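Residue numbers (UniProt numbering): 1 to 315.
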Amino acid sequence: MATSTATAPGKAILFGEHAVVYGRAAIAVPVTEVKATATITDAHAGSGCTIAAPDVGAHVQLSTPQEDPLALAVRLAIEEAGIGEEPDWQITVRSDVPIAGGMGSGAAVSAALVKAVFSHRRLPSHRQPDAGTVNRIVYAVEKLHHANPSGIDNTVVVYRQPVRFVRGEPPQRFEIARPFHLVIADTGIASSTAAVVSDVRRAWEKDTKRYEAVFDGIGEIAETARRAIESGNIDALGPLMKENHRLLRMLDVSSGELERLIAVAEEGGASGAKLSGAGRGGNLIAAVERKNVEAVKEALLAGGAAGIVVTQIGA
Ligand code: PMV
Numbered sequence: 001m002a003t004s005t006a007t008a009p010g011k012a013i014l015f016g017e018h019a020v021v022y023g024r025a026a027i028a029v030p031v032t033e034v035k036a037t038a039t040i041t042d043a044h045a046g047s048g049c050t051i052a053a054p055d056v057g058a059h060v061q062l063s064t065p066q067e068d069p070l071a072l073a074v075r076l077a078i079e080e081a082g083i084g085e086e087p088d089w090q091i092t093v094r095s096d097v098p099i100a101g102g103m104g105s106g107a108a109v110s111a112a113l114v115k116a117v118f119s120h121r122r123l124p125s126h127r128q129p130d131a132g133t134v135n136r137i138v139y140a141v142e143k144l145h146h147a148n149p150s151g152i153d154n155t156v157v158v159y160r161q162p163v164r165f166v167r168g169e170p171p172q173r174f175e176i177a178r179p180f181h182l183v184i185a186d187t188g189i190a191s192s193t194a195a196v197v198s199d200v201r202r203a204w205e206k207d208t209k210r211y212e213a214v215f216d217g218i219g220e221i222a223e224t225a226r227r228a229i230e231s232g233n234i235d236a237l238g239p240l241m242k243e244n245h246r247l248l249r250m251l252d253v254s255s256g257e258l259e260r261l262i263a264v265a266e267e268g269g270a271s272g273a274k275l276s277g278a279g280r281g282g283n284l285i286a287a288v289e290r291k292n293v294e295a296v297k298e299a300l301l302a303g304g305a306a307g308i309v310v311t312q313i314g315a
């Protein structure tokens with residue numbers, strides 16, 4: 001029986017979360033140490049299409065109501081691939097991207113599913129849908145997770161490249177002149193992006209002027225950071241993370257646990273750290289010189305981090 005597999009990485013927003021929803025620039029990178037993997041196997045004729053996600057205990061039939069993100073990703077991909085009726089497929093999706101942690105788990109799962117469908121369709125390579133098509137489908141599924149996604153998660157996960165992202169503009173790749181290390185630590189506290197984004201929206205409606213000024217500051221930091229990365233000035237990243245985090249705190253998206261672990265990372269030798277993603281829980285990222293990576297990792301684990309991913313950004 002034919003089997004097809006596709007993967008998609010996790011992601012980390014380096015600078016610019018939340019402000020990116022309001023049109024400011026943000027930068028993000030793929031994190032290939034974690035990934036989602038979708039496998040499609042042909043099933044018996046007449047059995048229909050089932051999708052299993054054992055890591056979250058989900059098991060859905062393709063014909064399930066539209067609201068299920070796994071079914072929606074597969075359904076949109078099947079339509080795009082020109083498959084007329086429900087195929088007899090058994091689909092399994094596994095992921096070690098932390099769920100509800102700001103590492104793009106939803107987008108990674110959707111991207112792996114969509115790519116697996118296209119690969120299983122066995123179209124000749126020149127008729128395989130391009131990354132833009134995959135991205136459009138994954139974005140449509142992201143809208144189920146939260147009503148007003150900026151599109152940064154799906155873009156990084158689908159293109160697998162460092163991206164400067166401004167809402168409504170084509171994503172721009174940026175160069176990493178000198179590799180640098182990130183230590184990503186999970187607070188272990190699940191956070192709902194939808195809830196945090198809508199809290200920020202309510203606060204912005206009440207105090208638009210102040211929030212717009214904070215978003216401007218965050219957008220400028222993201223642009224400064226991108227230029228620093230492109231020119232190899234990686235020593236600038238730690239201080240820029242501290243400054244970005246200070247502004248995120250003003251948006252009320254940090255939490256006691258994030259503050260505590262950020263302090264642990266900085267005391268343990270990180271040059272700077274900040275929350276990454278929606279905040280309130282989820283992950284923090286720390287810019288760490290290579291010689292300090294082990295010490296920072298140990299300090300965070302001893303300090304109660306639920307999981308650590310160390311990644312090198314750039315070759
Ligand atoms: O927590 P995540 O990985 O879903 O990232 C959310 C990033 C935000 O800027 C807060 C929202 C968005 O749509 O860009």
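Think of the CB as a built atom: it goes at the ideal place given N, C-alpha and C, for glycine as much as any other residue.
As the structure is a prediction and not an experimental result, all values here were calculated from the model.
Identity of the residues DSSP links to residue i by a beta bridge
i: K274; result: I285
i: V296; result: DSSP lists no partner for V296.
i: A36; result: A8 and S95
i: I184; result: I285 and V309
i: F15; result: I27
Inter-residue spacing [alpha-carbon to alpha-carbon] between residue i and residue j
i: A278; j: G46; result: 42 angstroms
i: A302; j: V156; result: 31 angstroms
i: G307; j: I313; result: 19 angstroms
i: I189; j: D42; result: 38 angstroms
i: A107; j: G268; result: 32 angstroms
i: L284; j: V56; result: 23 angstroms
i: H59; j: K11; result: 25 angstroms
i: Q128; j: S198; result: 37 angstroms
i: C49; j: V264; result: 47 angstroms
i: T39; j: L76; result: 17 angstroms
i: D186; j: A213; result: 29 angstroms
i: R160; j: K291; result: 27 angstroms
i: D235; j: A295; result: 18 angstroms
i: Q61; j: G304; result: 39 angstroms
i: E169; j: G238; result: 28 angstroms
Proximity to residue i [Cα-Cα], best of the options
i: I91; options: A108, A6, E80 and H146; result: A6
i: E266; options: K297, D252, V253 and S254; result: K297
i: G104; options: A299, P171, S192 and V264; result: S192
i: S271; options: A36, V293 and G256; result: V293
i: K115; options: G23, G101, G132 and I99; result: G132
i: I81; options: A36, Q61, V31 and L113; result: With the sequence shown as reference, residue 81 is identified as Ala, and Ile is not the correct amino acid for it. Of the listed residues, the one whose Cα sits closest to A81 is L113.
i: R173; options: R226, N135 and G23; result: R226
i: H245; options: I13, W89, S4 and T3; result: I13
i: G23; options: A273, R167 and A203; result: R167
Supposed contact pair residue j and residue i - C-beta distance, whole angstroms, cut 8 angstroms
i: A28; j: L182; result: About 12 angstroms separates the two Cβ atoms, so there is no contact after all.
i: V158; j: V141; result: Rounded, the Cβ-Cβ distance is 11 angstroms, inconsistent with contact.
i: I99; j: V74; result: At roughly 19 angstroms, the Cβ-Cβ gap does not stay under 8 angstroms, so I99 and V74 are not in contact.
i: L275; j: S254; result: 6 angstroms
i: E86; j: S63; result: 7 angstroms
i: I184; j: V309; result: 4 angstroms
i: A194; j: H145; result: 7 angstroms
*Cβ contact (3+ pairs, closer than 8 angstroms) linking the region 216-229 and the region 16-24*: Contact between the region 216-229 and the region 16-24 is present, because at least three Cβ pairs lie under 8 angstroms.
_Inter-stretch contact (C-beta, 8 angstroms, three-pair minimum) for the region 148-167 and the region 61-71_ = No: fewer than three Cβ pairs fall under 8 angstroms.
*asked:* When you compare the region 110-123 with the region 205-212, are there three or more beta-carbon pairs, one atom per stretch, that lie closer than 8 angstroms?
replied: The region 110-123 and the region 205-212 do not touch, with fewer than 3 CB-CB distances between them shorter than 8 angstroms.
*For the region 249-260 against the region 220-231, are there 3 or more C-beta pairs whose distance is under 8 angstroms?*
Verdict: no, contact absent.
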